[in-house]
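Participant:
Chains as they are written, first to last, in my numbering: chain A, 171 to 532; chain B, 3 to 900.
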């Protein structure tokens, strides 16, 4: 991939600074933490850095919150794309299109194979962590099948694609609208054969690395959530936390402009993900003073009710290390009910973990 | 040597209507207010309080006096000053001798005076004629007649022209024109009733003309007389009250005379709506200049990137032209003498730029004490200048400064919006200079600079960026200590030297990321101009840039192997750099000005540039020409040029770890051809076509392994288009123009890759502006702009378009929690809606005896059009919304000056 090179000039920086402010004042879009459509919250890999020949498990957490109740979701997993040129994920699309046509072109429930798996997440499993999984064997020659680089570590990369559809998936012809990346050769249709959009259909990809030197990466674990300092119980039993609602509607919160705070009078709660200081050294990564850098870890919060601010917090910095304050503030929704809160922790080397907790709003 | 004496009254004893000004003035008769020679009312005890400017009487029919025979016989010369009372019809009602000369001269003058017919004096605001008394001089001189010379006469040329009052575009009569000949002697003549003058036959050579007309700015010009050719020029001088002219030269070469320039007078620049009276912002209303993004203070010239156009102050490069957000330029209008703007095909004098050049000349301080203070909603400024005491006005000085108010009101606004502000946006600039000028040159020492700062405190990380919380700051500073020296050593030799010590600082901080560039450089240029006979002039110069730049930075690196490239930007491994690099970029050039005919000018030149950082020596041959198909009025000129314009890489492109040491410079080949046509004295039309071929453009490329980034000179492209300017030059009431640019700016990243339009491509740029000054002192103007919309890389289609598929999957969820967008088509393939806006400006000036007060209201985007500047997307690229630009923005200002 190439692009015009230019030295980030002063005018661009000016635009960036003022633009950040202007956009922050512009009402419009829902926050990333608000779950009100079909969303994929996490795709975990048990071996983000795999050993060639190992079987790696991928686990997907998806939730549907478009309507009053969740819909079931058809899920597909597609693997088998190794070391595409330039590590560009979209160079796998041609291969994907052929796989999808051969496996799903005839309609019906697709059979599973080495590089393909069809799955289904029921409405009851919506939002449940790791409701769908896929196993992939990393080839023995994942590293050695590509040329050794002039500099840097010798590694291989395996891409895995997945999709969740609140309808029926069907393959399409690979086509390009003129951009560098072609359209993904899969679509989701409803019972009437009409295409469903992104509120009911999510496509994604992830990757697993394998290094010649055998380095590994363990995903950072998340052990739970606390609400105002108290641990939130797992499950929806009688002991789930109960909080008062906040009367401001979702629409009023979304359209609030600069200087307005429609939830100023509401009770807000402090959420905290329980994450230990687990950041590992990042091999070969050194700071300017020769300091060994650690992997960066951050946590993202989601909820299908209320508002979270901020949605994302740093847990461990590459140079500064563990940042103990990664709490967020949750404002309950206006409608009573039982809502989910998720926290996903990630490192920048592909490791991740997810936890789901419930809260009752009265 | 024997000589014969001849009578000369018709040529040398000219009517000196305007020459009465040195003697004091014209004033109205007792039945009306009195005025001085500058049109200012002379207040007496009984004078009414009103202040009205007048237009002085102008000779329509000249009557030459008879030379007294006795005086002629006795070889006596003399001057007679008459006091003439001219009625409202322009007839001489009364003539009395104010300063006699005897010998029959007084009688001869009194006899001739009643035959003079004038254009009567008029009030400037109403045009109403009135009776006035003026002083009028008759000069009686005897010509020295050489005896017949048997030796062959030298070959000669002629020199004639016209002198015009630039403020009203009317000819000036009776003005003394002094010409210094190559041998050091002087010859003088006076303009006639049509403003015409004629020095007659002259040997070939370089002549220095000077005009000192009371009430007007002095004029000095150097002209070349060529054997067998008639040199015909028009000079425009401005009344002192109009405070000089700002020239904006939009031609491709450096024209030597006013006849080849299009000028924007200060009245125009100060009154262009939507600019707050900022001279450099007025450039954005000229053809070839694109509309910049809403809050970006950049100059986009003929489809080139902002960094491709360089800005100079008296020939010394400065890193920016506008303060933060483009609100105003870094030099206030009041200190400018002129702006030379070269959108392309510029002289070999300039280099290191493949786009355009803006060279701002700072004016000389005045020899009388004067000053001004101005306040508006954006900033406040002061200026004070005058002669340095005890130097007999040989040395002058000026000091000025400006500071913005933005931090006073924008800070609270930002805080009310929930943004913690550490330093609200503010800028200031300052200028100080001392100067000594003499007949053949001047020396100036100056110090000037600019300082912009902004810092916001972001309490929460941005969406998807966990490590971006903290401060966002931007600081831009530059300073120049500059010495300038210009000297006409002989009529054929001239040197011009500019030396500067320069400090530039750019600091940008975002959370724990920062980029600090600090450079100290020596900038200098020297040019030697040598006249080579009658047909050619040679310009030779050097242009030096040397110094040291240090970069301290902590920035995200490209993802390393094992790090998905779609993760948060702020969690990438950081590159920390502390680099000091030398800058050494000398250049030399030579350029000839060849005039085989008086109407034809050819300017070939070549420039050599060396850049130590790339170890690259480049040559830039250039050629420009102009040809007057029709000389005089109405002038028709065709012009054209071609040349190579080399540009070294930006510092950050060539210096590791951010840059690639293997990068080379890039360059453009400019071609242009055009025509200029005068329609009336006020109306001029010009049309110019241009084409730029861009070569070796730097392109960032990800290595095949995806693990590293290189910059290679594989890019290329072109910009083509045409510019039309229909301009009505300022008269008593109106000025305005229509500027239209048609262009297309295309790039490709490599020869085998597809073409795409650059993001600042604007095919249609139309500016229509005009300003009308009423007799009452009010002035109202408007500017309408219609510009093609910005280009965008769409990801989400526009739901309002029929071909939009709302179910399209616009992005892929990636394993690190973000969304990777899938562009909807190629680069820059969506044109946003056209920009249009109307700006209004209202001015009012009150003139008092010792000072003047003016006020203005300048309203940008008066009908509050919601122009789309960009598209914003939500986090998952499922929705889009337009980002609109500046809404209606009024500004008011007050200004006092003396």
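Backbone N, C-alpha and C define an ideal beta-carbon position, used for all residues, glycine too.
Quick one: is residue 371(A) near chain B, going by C-beta distance under 8 angstroms?
Facilitator: Output row for residue 371(A): interface = yes.
Participant: For the alpha helix (DSSP H) that residue 506(B) lies in, which residues bound it at each end?
Facilitator: Not the alpha helix (DSSP H): residue 506(B) falls in the beta strand (DSSP E), residues 495-512.
Participant: Look up residue 652(B) in the DSSP assignment and say whether it is helix, strand or coil.
Facilitator: If DSSP states are grouped into helix, strand and coil, residue 652(B) belongs with coil.
Participant: Does the CB of residue 438(A) have a neighbour CB from chain B at under 8 angstroms?
Facilitator: Cβ-Cβ to chain B under 8 angstroms: no for residue 438(A).
Participant: Compute the Euclidean distance between the alpha carbons of residue 74(B) and residue 144(B), then round it to the nearest angstrom.
Facilitator: So the two alpha carbons sit approximately 8 angstroms from each other.
Participant: Please state whether DSSP places residue 731(B) in a helix, a strand or coil.
Facilitator: Three-state DSSP puts residue 731(B) in coil, outside helix and strand.
Participant: If the cut is a Cβ gap below 8 angstroms, which residues of chain A does residue 808(B) touch?
Facilitator: Neighbours of residue 808(B) on chain A, chain order: 367.
Participant: Which residue marks the beginning of the alpha helix (DSSP H) containing residue 71(B), and which one marks its end?
Facilitator: Unbroken alpha helix (DSSP H) run through residue 71(B): 71-75.
Participant: Does any residue of chain B bring its CB to less than 8 angstroms from the CB of residue 323(A)?
Facilitator: Yes, residue 323(A) lies at the interface with chain B (some Cβ there is under 8 angstroms from its Cβ).
Participant: So, is residue 766(B) buried or exposed, given that buried needs 16 or more other C-beta atoms within 10 angstroms?
Facilitator: With fewer than 16 other Cβ atoms within 10 Å, it is exposed.
Participant: For chain B, find out if any of its Cβ atoms is closer than 8 angstroms to the Cβ of residue 193(A); answer yes or no.
Facilitator: With a pLDDT of 47 at residue 193(A), under the threshold of 50, the predicted position of this residue should be treated as unreliable, though the coordinate-derived value follows. For residue 193(A), the answer is yes, since a Cβ of chain B falls inside 8 angstroms of its Cβ.
Participant: Do residue 317(A) and residue 381(A) have their CB atoms nearer than 8 angstroms?
Facilitator: No, the pair does not count as a contact, with Cβ atoms beyond the cut-off.
Participant: Using the C-alpha atoms, what's the distance from residue 666(B) back to residue 712(B)?
Facilitator: Cα-Cα distance, rounded: 12 angstroms.
Participant: Would you say residue 284(A) lies against chain B (beta-carbon separation less than 8 angstroms)?
Facilitator: So no, residue 284(A) is outside the interface.
Participant: Residues in its own chain within less than 8 angstroms of residue 315(A) by CB, not counting five upstream and five downstream?
Facilitator: Within the same chain, residue 315(A) has close Cβ partners 252, 253, 309, 326.
Participant: With a CB to CB cut of under 8 angstroms and the five nearest residues on each side skipped, what residues in its chain are close to residue 532(A)?
Facilitator: The answer, listed in chain order, is 412, 413, 414, 415, 506.
Participant: At a CB-CB cut-off below 9 angstroms, which residues of chain A make contact with residue 878(B)?
Facilitator: Under the 9 angstroms cutoff, chain A gives 202, 207, 209, 368, 372.
Participant: Would you call residue 114(B) buried or exposed, if buried means 16 or more other Cβ atoms sit within 10 Å of its Cβ?
Facilitator: Residue 114(B) comes out buried.
Participant: Taking 8 angstroms as the CB-CB cut-off, is residue 397(A) touching chain B?
Facilitator: For residue 397(A), the answer is no, since every Cβ of chain B falls outside 8 angstroms of its Cβ.
Participant: If you measure between the beta carbons of residue 687(B) and residue 728(B), is that distance less than 8 angstroms?
Facilitator: Yes, these two residues count as a Cβ contact at 8 angstroms.
Participant: Specify, as a first and last residue, the run of the beta strand (DSSP E) that residue 332(A) falls within.
Facilitator: It spans 325-335 - the beta strand (DSSP E) in which residue 332(A) sits, taken as one unbroken run.
Participant: Which two residues bound the contiguous beta strand (DSSP E) that contains residue 268(A)?
Facilitator: Unbroken run through residue 268(A) is the alpha helix (DSSP H), 263-274; no beta strand (DSSP E).
Participant: Using the beta-carbon count (16 or more within 10 Å), is residue 525(A) buried or exposed?
Facilitator: Per the 10 Å Cβ criterion, buried.
Participant: For residue 350(A), go through chain B and note every residue whose CB falls closer than 7 angstroms to its CB, in chain order.
Facilitator: In chain order: 825.
Participant: Is DSSP giving residue 407(A) helix, strand or coil here?
Facilitator: Three-state result, residue 407(A): coil.
Participant: Rounded to a whole number of angstroms, what is the C-alpha to C-alpha distance between residue 506(B) and residue 477(B)?
Facilitator: In a straight line, the C-alpha of residue 506(B) is about 11 angstroms away from that of residue 477(B).
Participant: From what residue to what residue does the alpha helix (DSSP H) around residue 107(B) run?
Facilitator: It spans 107-114 - the alpha helix (DSSP H) in which residue 107(B) sits, taken as one unbroken run.
Participant: Does the Cβ of residue 254(B) have 16 or more other Cβ atoms within 10 Å, making it buried, or fewer, making it exposed?
Facilitator: Any reading at residue 254(B) must be qualified, since the residue scores a pLDDT of 31, below 50, and its modelled position is unreliable; the value itself is stated next. With 16 or more other Cβ atoms within 10 Å, it is buried.
Participant: Tell me which residue opens and which closes the beta strand (DSSP E) that residue 781(B) is part of.
Facilitator: 780-789 is the extent of the beta strand (DSSP E) around residue 781(B).
Participant: Quick one: what's got a C-beta closer than 7 angstroms to residue 900(B)'s C-beta in the same chain, skipping five residues either side?
Facilitator: Same-chain partners within the cutoff: 372, 373, 852, 853.
Participant: Pop quiz: residue 577(B) and residue 559(B) are said to be a contact at Cβ under 8 angstroms. What is the actual Cβ separation, rounded to whole angstroms?
Facilitator: Going by Cβ atoms, the distance from residue 577(B) to residue 559(B) rounds to 5 angstroms, so yes, they are a contact pair.
Participant: Of the choices 162(B), 348(B), 133(B), whose alpha-carbon is the least far from that of residue 198(B)?
Facilitator: Measuring from the Cα of residue 198(B), the nearest candidate turns out to be 162(B).
Participant: Going by CA-CA distance only, name the one from 462(A), 350(A), 467(A) that's closest to residue 483(A).
Facilitator: When each option's Cα is compared against that of residue 483(A), the closest is 467(A).
Participant: According to DSSP, is residue 327(B) part of a helix, a strand, or is it coil?
Facilitator: The answer is helix: DSSP assigns residue 327(B) an H, G or I state.
Participant: Would DSSP call residue 310(B) helix, strand or coil?
Facilitator: Residue 310(B): helix per DSSP, three-state reduction.
Participant: Residue 891(B) touches chain A at which residues, Cβ-Cβ below 9 angstroms?
Facilitator: Neighbours of residue 891(B) on chain A: none; closest Cβ ~14 angstroms, over 9 angstroms.
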